[in-house]
Every structure is written in C-alpha cells, then in structure tokens.
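*Asks:* If you scroll down you'll find the structure; I have some questions about it.
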Amino acid sequence: MSEKFSDYLFAKMGPPNVASAVHGTELPPKTTERSDAPLEELTGYRKWLSDNLMLLVTLSGVLLGVILGLSLRPLHLHGDSIMLISYPGELFMRVLKLMILPLVISSLIAGSASLNAKMNGKIALRTLVYFASTSFFNAALGIALVMLIHPGNPDLHNADDRSTDKKAVNLLDSLLDLGRNVFPDNLFQASIQQAHTVYLPKPSILHNFNESLLNDTAALLTGSLEAQRQQLEEVEEVVLVRDVQYRSGTNTLGIVFFCLVFGTFLGTIGQKGQVVVDFFAAVFEVIMKMVTCVMWLTPVGISSVIAGKILSVDNLSLVMAQLIWFIITVAIGVIIYQLVVMQAIYFVFVRRNPFKFYAGLIQAMLTAFATASTAAALPITFRCMNEKLRVDARITRFVLPIGCNINMDGTALYIAVASIFVAQMSGMALGCGELLTVLLTSTAASMSSASVPSAALVLLLVVLSAIDAPVQDVTLLFAVDWFVDRIRTTNNMLGDCYAAAVVEELSRKELMALDAAGVNYQDLPAGTPNGNGLHEGQTELETTSNKCVMTDSVVVDMSAVMNNVNLQQEHSNNNRRV
0 MSEKFSDYLF
10 AKMGPPNVAS
20 AVHGTELPPK
30 TTERSDAPLE
40 ELTGYRKWLS
50 DNLMLLVTLS
60 GVLLGVILGL
70 SLRPLHLHGD
80 SIMLISYPGE
90 LFMRVLKLMI
100 LPLVISSLIA
110 GSASLNAKMN
120 GKIALRTLVY
130 FASTSFFNAA
140 LGIALVMLIH
150 PGNPDLHNAD
160 DRSTDKKAVN
170 LLDSLLDLGR
180 NVFPDNLFQA
190 SIQQAHTVYL
200 PKPSILHNFN
210 ESLLNDTAAL
220 LTGSLEAQRQ
230 QLEEVEEVVL
240 VRDVQYRSGT
250 NTLGIVFFCL
260 VFGTFLGTIG
270 QKGQVVVDFF
280 AAVFEVIMKM
290 VTCVMWLTPV
300 GISSVIAGKI
310 LSVDNLSLVM
320 AQLIWFIITV
330 AIGVIIYQLV
340 VMQAIYFVFV
350 RRNPFKFYAG
360 LIQAMLTAFA
370 TASTAAALPI
380 TFRCMNEKLR
390 VDARITRFVL
400 PIGCNINMDG
410 TALYIAVASI
420 FVAQMSGMAL
430 GCGELLTVLL
440 TSTAASMSSA
450 SVPSAALVLL
460 LVVLSAIDAP
470 VQDVTLLFAV
480 DWFVDRIRTT
490 NNMLGDCYAA
500 AVVEELSRKE
510 LMALDAAGVN
520 YQDLPAGTPN
530 GNGLHEGQTE
540 LETTSNKCVM
550 TDSVVVDMSA
560 VMNNVNLQQE
570 HSNNNRRV
C-alpha cells in the first residue's frame, strides 16, 4: 500500500526541479513514464500525411470554395444569401487580422533585440537592397510582357466615360505620405489610422464676392439676377488645395519603424532589458499557438471567402472574355518570376534545392491567394518559415514584417502591366521616356503600397497621371481585380520568404559569431545566468554570498570570434571534400 501511495505522489509531483538539480538533489522521474519504451515513428504515407496535413486542409478549402461558387452561380442567389455564404469567411479574415498587430510588434522587437545594432543595420541594408532590386525587376518584366503580348484592345474603351476634370493623386503626394506614415506623431493613433493626402475644393474670391453682391442687391436687380449668375458661374474656377487627413487602417509602416528602433536600443542595454525581450518573445509564441488553432478553421473560412467572391461578380463570363489577355499577361509574369527567377536567385545565393523550399511555402501561398492580403497570411507564413523550413527565427522576425509592408513584387508587376494596358486601350503611343517613367513610378509606388486587398488600384492612378493616361479607365479593371489581386499577392508573400532565406545566407557568418559569443540571450539554457545574473531558483542573497558578480554588459573580441568561425567553416568544407 505504501509503495502504491509513493508512486502516486511521484506521479503527481511533475518533472524534476532545475534548481534542485543545480544543488544536487534531483527528484526521481515520473513512475508513469517508461524511459526504455521506444517511440513509434511514422513511415511512408502516414509520415507524409502527418507532415502535410495543414497543406491538405488549406488546399481542400480553396477547391471547395471554387466548386461551391461555380455550382451556385446558376441559382442567381439573393444578396442576403451571398452575404450569409461569405459571413464565415469574413469572420476568418477578422481573426487573422486581429493577430497581425501583436505578431508584428512582438516579432520585430524580439528579433531586433536578439541582434546587436551593427548586425541590425547590415540585415536591414541587405533586406532593403533585395526588396528594391526585385521590385525593379518585376516592373521591368511586366513592361516587357505587356509590350510583347499587347493585351490592350481599343474597342474596350468607352469614350463617353472619359472626363479630365478630376484631380488624381500624384507621385509626390504618395512619397510624402510614405514619409508621414514612417514617422507617426502618435503611436496609438498609428494603430488605427494612417495619413494620406486629399484634394479639397476651395471657393475662389470671385465666387465669394458674387454671393455677397447677389444677397445685397437681390431686391433691386431681380430682372437681371439670373443672367449675371449664369455669366459668373461660367468663369468661376474651383481651386483644389492639398490637405493631409487620416483614414481608417493600421499604419503598419510606422509601427514597424518604431519597433525596429525600440528593439535595437533594447538589445544594447544588455541584461537590464532581458525581461522585456523575454516578454515579447513569449507574446510571439502565444500568437503562433493561436495561429495553429485558427488554421483548423481554414476549410470553412477560405472556402467561404472564395465562394462569396465568385458569387458577387455580376457577369463572370463576359468580364473574363473581355479582359482575358490582361489576366493572362499578369499570370505569365507571376509564373515566370516564381518558377524561374525566384528559384535561380535562391540557388545562386543559398546553393540548395529551390523547389523544395518552394514546396514548403505552398500552405502560406494558398492562404495569401485566398485572403488576397500579405498581412493576413503573415501568421501562417511565420509558421511555415520557422517550423517547416527551419529558417533562423532572428531573420524571419526581422525580414517578414518589413517585407509585408515594403516588398510588393507582384504589385510592381501588376501596376506596370495595368498602366500600359490602359494606355493601349486609349490608343496612346508610349515612347522610351514614358516606359522609363512607368518603370520608375511602378517601383516607387509598389514600395509605398499597403498590404491590404486591392491597394494597387489606388497606386495605379499615380502611374497613369505620370504618363498623362486617362485615369477614369481604371474602372474597367475593378471587375477582375478580385482575381488578379490574389495572383499578385502570392508573388508578394513569396518574395518576403525568399528574401529571408537569402538574407540568412548572407548573414550566416555574423549569426554564427553571435552564437559563438553567446550574445543571443533568448536561447540560454536553464542554470545559466539570467537577466538578473541569477541561476534558476537562486536568490540575490545566495548569489552575493557566493561572490557571484555579473556585469551589465558582455565584452567580446569579435575579430577573434570571426576568425574561429572562418576556421570552422574551412574545416567543415575540407571534410565534405574528403
């Protein structure tokens, strides 16, 4: 009886205490666990099914949504029925967007604090150069394809709808708004609003004088009043004035900038800030566990989103027939970049099988396709990069949130194709100067794009106004943007992931140096000094009595560490050759 009771107590006492292990009084293991029992390993199709279960769940949601939407179109459902079909997908999107802000804040602060300031600068420089280069290449690829295929048909253009009295947003306003959003004046306001420039009409002085004069002499000049009003209204001109206002939407760019600066300086104060780093690292882990739970709702959420979009299009067959060559041009550009250019970049820099890396991102790519938002797919992208592809978490936490707001490869391709497509419909002949303008403005506009659905349509107005093309013809693209937006979003998401892989490879020596120097405090094992210079289970009194004095900083000879890293790499390369 006493043996059973002691076994029961040991089973309830849990795992051994680390502090007791330090003092040599380790508790016995649980009696309910058998250390000699071999773990059953899955093999064959069962292992493949276990590794790709989430991918199959996501793919089933996409296929179910397409089948459901196409099969219900002949029924001509009422608007309320379509809304009810789309409602689960709306809730799914809201839950994903709910986790974006805490995920971005926690990942950037924890990631940038785990590196030193010099390392953050190098990673940021490499990331921005990669993003700018790929966006420029995508814009050039789009121009080449649209000039070669020539999808613009002048018969689609309706001359009656053209009007030129509407003021379009120019490139200067877009770039200035980008700077205003990067440096927000209120961090809490940046969580719910973002700055943008609008043009408001300002009544002229002539109009004000006319109104006052008419009010004063209305009784005396009744006969000629209407004639004078008509004459003055003909010469009246409305002056448009710039005004900076705030619109609804999270200013993710400003939050990203603040978190990068905050995390970088947090890493410079050493062990004093370790408790803050641990807090944000714990928040990141909690959000990722929440993402895992949400992903089991993917079949219902994604199928609802896609089916609702298909059912909401009025005349699907007519729209596809009119703009089929425009869709094909964008799709060809996306396929060329994803299956050729991206794989070549990955192989040149990383020297590994690029298609294996591409296959590991299919789940995140399907989520980005279904949600049409890089930000909404960010939690799943983190999960694929960290757990499946094993990319260094310090790099993914740094690169992915930045790329989610700056790197818009698919958007650069789309803007270049769409702007020249509109010009072709209008019968405009574009020379080398106009094509160069489209190239530069598409690259600049794409890097100031927001990671929300259909944000490229607003930026398209910037490029069209730069080449003096009719901005009113953009309304024709609204009919297919719900589909093309999903295609180009996959390019945006994959560009972030490949950028993280390339930056990790280029920064491998610095990461190994940090690991060798022990600067990364997040992965310290139990029993090593924590942020307060204490062992697990140890108090300040015990530390002081043992004369254990910890400094607030770590002095490391980085040149010696780098030499050791180079020697280790040369030794490993020689072993591989042998």
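At position 270 of the sequence shown the residue is numbered 269 (numbering that gives the first Met the number 0), and the sequence of numbers has no breaks.
Here a beta-carbon is modelled for each residue, glycine too, at the ideal position from N, C-alpha and C.
Given Val103, which residues of its chain have a CB within under 6 angstroms of its CB, disregarding the five upstream and five downstream residues?
*Replies:* Numbered from its first residue, the sequence shown carries residue 103 at position 104. Excluding residues within five positions, the ones whose Cβ falls inside 6 angstroms are Pro400.
*Asks:* Mapping DSSP to helix, strand and coil, what is Thr410?
*Replies:* The count along the sequence shown starts at 1 and reaches residue 410 at position 411. Thr410: helix per DSSP, three-state reduction.
*Asks:* From Glu433 to Ser418, what distance separates their C-alpha atoms?
*Replies:* For the purposes of this step, residue 433 is identified with residue 434 of the sequence shown, where counting begins at 1. For the purposes of this step, residue 418 is identified with residue 419 of the sequence shown, where counting begins at 1. If I take the Cα positions, the gap works out to 11 angstroms.
*Asks:* One question on the structure: do Thr488 and Arg382 come within less than 9 angstroms of each other, judged by their Cβ atoms?
*Replies:* For this step, residue 488 is matched to residue 489 along the sequence shown. For this step, residue 382 is matched to residue 383 along the sequence shown. Their beta carbons are not under 9 angstroms apart, which means Thr488 does not touch Arg382 by this criterion.
*Asks:* List the endpoints of the continuous beta strand (DSSP E) containing Lys201.
*Replies:* Walking along the sequence shown from the start, residue 201 turns up at place 202. Gln192 to Lys201 is the extent of the beta strand (DSSP E) around Lys201.
*Asks:* So, is Asp408 buried or exposed, given that buried needs 16 or more other C-beta atoms within 10 angstroms?
*Replies:* Counting from one through the sequence shown, the residue named residue 408 turns up at place 409. With 16 or more other Cβ atoms within 10 Å, it is buried.
*Asks:* Does the separation of the CB atoms of Val181 and Gly266 fall below 9 angstroms?
*Replies:* On the sequence shown, position 182 is the one that residue 181 refers to. On the sequence shown, position 267 is the one that residue 266 refers to. No, the pair does not count as a contact, with Cβ atoms beyond the cut-off.
*Asks:* Does the count of Cβ pairs from the stretch 303-319 and the stretch 59-71 closer than 8 angstroms reach three?
*Replies:* Yes, the stretch 303-319 touches the stretch 59-71.
*Asks:* Alpha carbon to alpha carbon, how far is Val501 from Val437?
*Replies:* Position 502 of the sequence shown, counted from the first residue, corresponds to residue 501. Position 438 of the sequence shown, counted from the first residue, corresponds to residue 437. Straight-line Cα distance between these residues: approximately 28 angstroms.
*Asks:* Compare the C-alpha of Asp79 against each of Leu476, Ser311, Ala478 and Val349 and name the closest.
*Replies:* Here residue 79 corresponds to residue number 80 of the sequence shown, with the count starting at 1. Out of Leu476, Ser311, Ala478 and Val349, Ser311 has the C-alpha closest to the C-alpha of Asp79.
*Asks:* Quick check: what's the CA-CA separation for Pro73 versus Ala415?
*Replies:* For this step, residue 73 is matched to residue 74 along the sequence shown. For this step, residue 415 is matched to residue 416 along the sequence shown. Straight-line Cα distance between these residues: approximately 36 angstroms.
*Asks:* Which of the three DSSP states, helix, strand or coil, is assigned to Val548?
*Replies:* Working through the sequence shown from its first residue, we reach residue 548 at position 549. Because the pLDDT at Val548 is just 38, under 50, the model does not fix this residue reliably, and the value given afterwards should be weighed accordingly. Of the three classes helix, strand and coil, the one that applies to Val548 here is coil, per DSSP.
*Asks:* To the nearest angstrom, report how far apart Gly151 and Gly300 are at their CA atoms.
*Replies:* Numbered from its first residue, the sequence shown carries residue 151 at position 152. Numbered from its first residue, the sequence shown carries residue 300 at position 301. Their backbone Cα atoms lie some 36 angstroms apart in a straight line.
*Asks:* Is Leu360 helix, strand or coil when you go by DSSP?
*Replies:* To locate residue 360, count along the sequence shown from 1; it is residue 361. Three-state result, Leu360: coil.
*Asks:* Which class does Asp514 belong to by DSSP, given the choice of helix, strand or coil?
*Replies:* The sequence position of residue 514 within the sequence shown is 515, counting from 1. Asp514: helix per DSSP, three-state reduction.
*Asks:* Look at the Cβ atom of Leu186, then the Cβ atom of Phe257, and state whether they are nearer than 9 angstroms.
*Replies:* Reading the sequence shown from its first residue, position 187 is the one you call residue 186. Reading the sequence shown from its first residue, position 258 is the one you call residue 257. It is a contact, given that the beta carbons lie within the stated cut-off.
*Asks:* Specify the secondary structure class of Arg179 as computed by DSSP and reduced to three states.
*Replies:* As a first step, residue 179 must be located in the sequence shown, where it is residue number 180. Arg179: helix per DSSP, three-state reduction.
*Asks:* In the DSSP assignment, the beta strand (DSSP E) including Gln270 goes from what residue to what residue?
*Replies:* Residue mapping note: residue 270 aligns to position 271 of the sequence shown, counting from 1. Note, Gln270: premise wrong, no beta strand (DSSP E); not H, not E.
*Asks:* Below 8 angstroms, can you find three or more Cβ-Cβ pairs linking the stretch 89-103 to the stretch 317-332?
*Replies:* No: fewer than three Cβ pairs fall under 8 angstroms.
*Asks:* If you draw a straight line from the alpha carbon of Val86 to that of His77, how long is it in whole angstroms?
*Replies:* Locating residue 86 in the sequence shown gives position 87, where the first residue counts as 1. Locating residue 77 in the sequence shown gives position 78, where the first residue counts as 1. Inspection of the sequence shows that residue 86 is occupied by Tyr rather than by Val. Using only the alpha carbons, I get a separation of about 14 angstroms.
*Asks:* Relative to the C-alpha of Leu174, which residue among Ser111, Ile405, Gly430 and Tyr497 is closest?
*Replies:* Here residue 174 corresponds to residue number 175 of the sequence shown, with the count starting at 1. For Leu174, the nearest C-alpha among the options comes from Ile405.
*Asks:* What's the C-alpha gap between Ala112 and Val276?
*Replies:* As a first step, residue 112 must be located in the sequence shown, where it is residue number 113. As a first step, residue 276 must be located in the sequence shown, where it is residue number 277. Rounded to the nearest angstrom, the two C-alpha atoms are 7 angstroms apart.
*Asks:* Assuming Ala478 and Val462 make a contact with CB atoms under 8 angstroms, what is their CB distance in whole Å?
*Replies:* Counting from one through the sequence shown, the residue named residue 478 turns up at place 479. Counting from one through the sequence shown, the residue named residue 462 turns up at place 463. In fact, because the Cβ distance is near 20 angstroms, the residues do not count as touching under 8 angstroms.
*Asks:* DSSP three-state label for Val290, please.
*Replies:* Taking the first residue of the sequence shown as 1, we reach residue 290 at position 291. Helix.
*Asks:* Considering Val349, what are the terminal residues of the alpha helix (DSSP H) in which it resides?
*Replies:* Counting from one through the sequence shown, the residue named residue 349 turns up at place 350. Run containing Val349: Met341 to Val349, per the alpha helix (DSSP H) assignment.
*Asks:* So which of Leu513, Asp514 and Tyr497 has the shortest CA-CA distance to Phe130?
*Replies:* Along the sequence shown, one-based indexing puts residue 130 at 131. When each option's Cα is compared against that of Phe130, the closest is Tyr497.
*Asks:* Given 8 angstroms as the limit, is there contact between the stretch 117-137 and the stretch 277-286, that is, 3 or more CB pairs closer than that?
*Replies:* Too few Cβ pairs lie closer than 8 angstroms, so no.
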